[in-house]
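Letter by letter, the sequence shown follows residues 1484 to 1814 in the numbering used here. Glycine residues also receive a C-beta, built at the ideal position from the N, C-alpha and C atoms. Source: prediction; values computed, not measured.
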Amino acid sequence: MQPISRRTVLAGASALVAGPALARADRWARVVAAARRYDQLHAILVAHRGRTVVAEAFRGDGLDAPANVKSVSKSIVALLLGAAIDRGVVPSVEARLAEVAPRLIPTDAEPQVYELTLQDLVTLRAGLERTSGSNYGAWIASDNWVADALSRPFVAEPGGRMLYSTGSFHVLGAALAEASGRDLLTLTRDWLGDPLGIQVPPWTRDPQGYYMGGNQMALSPRAMLRIGNLMRRGGRWQDARILPRAWVEACLTPVTTSPYSGLGYGYGWFVTQTSAGRLGLARGYGGQIIAVAPDAEAVVAITSDPTQPARSGGYFGDLLSLIAEEVLAAT
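Put into structure tokens, the structure is as follows:
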């Protein structure tokens, strides 16, 4: 029998090491192939254990240019609320709007408005008639978005069922601006943008000058991925704590349920369960997504055509399947 050479042993060892690595690369290639099938999808980034494993831009302006992330803005404002509480800008999530920003409340508001808490707003359980959906156009055509949102009739008890309403987050953003004495753009840059090293360009303001609290922010896909990794690590970025771990947990712990998608909803973030564990979602119109899977140590950032709808039974459902069946399976 011929002796086995050292070269043969080393080659065999290399093959054993390379085998799993090649298998992983093949799984990520399948994720890219699956994402490519969707005409609405512009860009996708995937990070596993902090390392970027997928970075593809099929359409749009690429991975580094800001994209309109639509209602992902709501999830960002929820993070700013956690930062404001941590800094003592507002006392707690149970604080009433009337305590934090009394001058926002219109003089003809119903008595219940004075009892609304920041928690009611960040969980979309204010009980006021929605400003989203068919009411959105009239709301943004009004001459005072905050007053209009707070002057609408109550259709549910505050703290009761979820009523998806951009106006609730716009009021919350305005309250943070009032309490801090700084506009929402400055807060976003100071409390998230600068620590994470991401750009946050100016976005839409209302007639009173308040930056829109629940829509129209612009973030690059890479910036979205960093926010997702911040959430995955419980509020830490590199060696610094940016957000309290307890706040991140509250964002990813459902307190109510969306009547449209059936997804749970925590503090500004949708939540569901997959075979790989909990999945938190910042979700915007058209298919803008930051997905965080803490148990699988995975983060996904997706941008899509912001002019086309992405419903739970359609394209958004396809994206959830892509994340759960391809991305998380590959981890």
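Excluding the five sequence neighbours on either side, which residues of its own chain have a C-beta within less than 7 Å of the C-beta of residue i, listed in chain order?
i, result
"residue 1737", "1747, 1748, 1749 and 1754"
Within 10 Å of its beta-carbon, does residue i have 16 or more other beta-carbons around it, so buried, or fewer, so exposed?
i, result
"residue 1676", "buried"
"residue 1590", "exposed"
"residue 1705", "buried"
"residue 1696", "buried"
"residue 1567", "buried"
"residue 1617", "exposed"
"residue 1631", "buried"
"residue 1789", "buried"
For residue i, which residues in the same chain have their Cβ closer than 8 Å to its Cβ, ignoring the five residues on either side in sequence?
i, result
"residue 1643", "1608 and 1610"
"residue 1734", "1558, 1561, 1562, 1565, 1714, 1749, 1750, 1751, 1752 and 1763"
Report the residue from the options whose alpha carbon sits nearest the alpha carbon of residue i.
i, options, result
"residue 1599", "1633, 1623, 1621 and 1622", "1633"
"residue 1727", "1739, 1714 and 1721", "1714"
"residue 1530", "1794, 1785 and 1641", "1785"
"residue 1579", "1814, 1812 and 1602", "1602"
"residue 1526", "1730, 1631 and 1771", "1771"
"residue 1645", "1587, 1807, 1743 and 1507", "1743"
"residue 1690", "1718, 1569, 1653 and 1800", "1653"
"residue 1679", "1687, 1663, 1724 and 1597", "1724"
"residue 1663", "1573, 1698 and 1581", "1573"
Leaving out five residues on either side along the sequence, give the residues of the same chain with a beta carbon under 6 Å from the beta carbon of residue i.
i, result
"residue 1648", "1613, 1614 and 1615"
"residue 1791", "1523 and 1769"
"residue 1775", "1711, 1714, 1715, 1763 and 1782"
"residue 1576", "1601 and 1602"
Examine the ligand ATP and report whether any of its heavy atoms sits within less than 8 Å of the Cβ of residue i.
i, result
"residue 1777", "Here there are no bound small molecules, and the ligand ATP is not part of this structure."
Quick test of your reading: residue i and residue j, contact by CB under 8 Å. State the CB separation rounded to the nearest angstrom.
i, j, result
"residue 1685", "residue 1668", "6 Å"
"residue 1606", "residue 1740", "That belief does not hold up - the Cβ atoms of residue 1606 and residue 1740 are roughly 11 Å apart, past 8 Å."
"residue 1656", "residue 1628", "That pair is no contact at about 10 Å."
"residue 1585", "residue 1682", "Not a contact, Cβ separation roughly 34 Å."
"residue 1552", "residue 1701", "7 Å"
"residue 1814", "residue 1780", "7 Å"
Please confirm if residue i has its CB atom under 9 Å from at least one CB of chain B.
i, result
"residue 1614", "The displayed structure is made up of one protein chain only, and chain B is not part of it."
Open item on the list: List, from N- to C-terminal side, the beta strand (DSSP E) runs of 3 residues or more that fit wholly inside the stretch 1776–1813.
Closed with: You should have 1781–1787.
Task: Segments assigned alpha helix (DSSP H), at least 4 residues, entirely inside the stretch 1699–1726 - done: 1704–1715, all fully within the stretch 1699–1726.
- [ ] Jot down the residue ranges of each uninterrupted alpha helix (DSSP H) in the stretch 1536–1583, minimum 4 residues, whole runs only, in chain order.
- [x] Segments of the alpha helix (DSSP H) lying fully in the stretch 1536–1583: 1555–1569 and 1580–1583.
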